[in-house]
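Colleague: Numbers given in this note's numbering equal positions in the sequence shown, counted from 1, plus 510. Glycine residues also receive a C-beta, built at the ideal position from the N, C-alpha and C atoms.
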Amino acid sequence: MSKITQSKKLVDWFRFRTTVSEQDFTLTSNELVVKSDAYKLSKIKRFEVRRLGIKENVVRVLSLALLLSAATWAFVPQFGLYTLALTLILAIITWRGYELRAEFRGTDETGDHWVSIVRGCDKEEYHVLKEVEAKLKAAI
Numbered sequence: 511m512s513k514i515t516q517s518k519k520l521v522d523w524f525r526f527r528t529t530v531s532e533q534d535f536t537l538t539s540n541e542l543v544v545k546s547d548a549y550k551l552s553k554i555k556r557f558e559v560r561r562l563g564i565k566e567n568v569v570r571v572l573s574l575a576l577l578l579s580a581a582t583w584a585f586v587p588q589f590g591l592y593t594l595a596l597t598l599i600l601a602i603i604t605w606r607g608y609e610l611r612a613e614f615r616g617t618d619e620t621g622d623h624w625v626s627i628v629r630g631c632d633k634e635e636y637h638v639l640k641e642v643e644a645k646l647k648a649a650i
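Structure follows, in structure tokens:
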């Protein structure tokens, strides 16, 4: 194993993530399987690979931090500030740069909605997601 591959695996382990590869995606005639999650193609209108900016990541970081620290403050107030700090650190460590998402047809009055299918961090994963997006667009 090369030194670069070994250091990349260490960074991935530290960031609580696994690298996205084309082997993670299985496309059948009626569904998309990503790792252990299955999505019916009949319910999906379209796919899109999106570059996540600072705004999306900051909103995610703050939402996680405030939600978890508020829950802690409600039940164990003396640990609320520690939970806030720990959650902020963990959310920043899991910062993502790209996502493959799908727009699902609405089944009730709420309408159509977007669901993030998989997220990635680096350019290699971005290219994998773009290839998968092209295959999915051809399939639906």
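DSSP three-state call for residue 616: helix, strand or coil?
Modeller: Residue 616 sits at position 106 when you count from the first residue of the sequence shown. Here residue 616 sits in coil by DSSP.
Colleague: Let me know the secondary structure DSSP gives residue 570 once reduced to three states.
Modeller: Locating residue 570 in the sequence shown gives position 60, counting from the first residue. Helix, per DSSP.
Colleague: Please say whether residue 530 and residue 607 have beta carbons closer to each other than 8 Å?
Modeller: Locating residue 607 in the sequence shown gives position 97, counting from the first residue. Locating residue 530 in the sequence shown gives position 20, counting from the first residue. No.
Colleague: Within 10 angstroms of the Cβ of residue 591, are there 16 or more other Cβ atoms? Answer buried if so, exposed if not.
Modeller: Working through the sequence shown from its first residue, we reach residue 591 at position 81. Answer is exposed; the Cβ neighbour count stays below 16.
Colleague: As a quick exercise: from 595, 549, 616, 636, pick the residue whose alpha carbon is nearest that of residue 574.
Modeller: Start at 1 with the first residue of the sequence shown, and residue 574 comes out as number 64. Selected option, being the one with the closest Cα: 595.
Colleague: Please report the straight-line C-alpha distance between residue 618 and residue 640, rounded to a whole angstrom.
Modeller: Here residue 618 refers to the residue found at position 108 when the sequence shown is read from its first residue. Here residue 640 refers to the residue found at position 130 when the sequence shown is read from its first residue. Distance between the alpha carbons of residue 618 and residue 640: 31 Å.
Colleague: Going by the beta-carbon positions, is the gap between residue 557 and residue 612 smaller than 8 Å?
Modeller: Along the sequence shown, read from residue 1 onward, the residue named residue 557 stands at position 47. Along the sequence shown, read from residue 1 onward, the residue named residue 612 stands at position 102. In contact: residue 557 and residue 612 (Cβ atoms closer than 8 Å).
Colleague: In its own chain, which residues sit with a C-beta less than 7 Å from the C-beta of residue 562, not counting the 5 before and 5 after it?
Modeller: Residue 562 sits at position 52 when you count from the first residue of the sequence shown. Once the five neighbours on either side are set aside, the close Cβ partners of residue 562 are 606, 607, 608, 609.
Colleague: I'd like the list of long-range same chain contacts for residue 543, defined as Cβ closer than 6 Å, with 5 residues on each side in sequence excluded.
Modeller: Counting from one through the sequence shown, the residue named residue 543 turns up at place 33. Same-chain partners within the cutoff: 536.
Colleague: Give the list of continuous alpha helix (DSSP H) stretches no shorter than 4 residues that lie fully inside the stretch 553-614.
Modeller: The qualifying runs are 564-585, 590-603.
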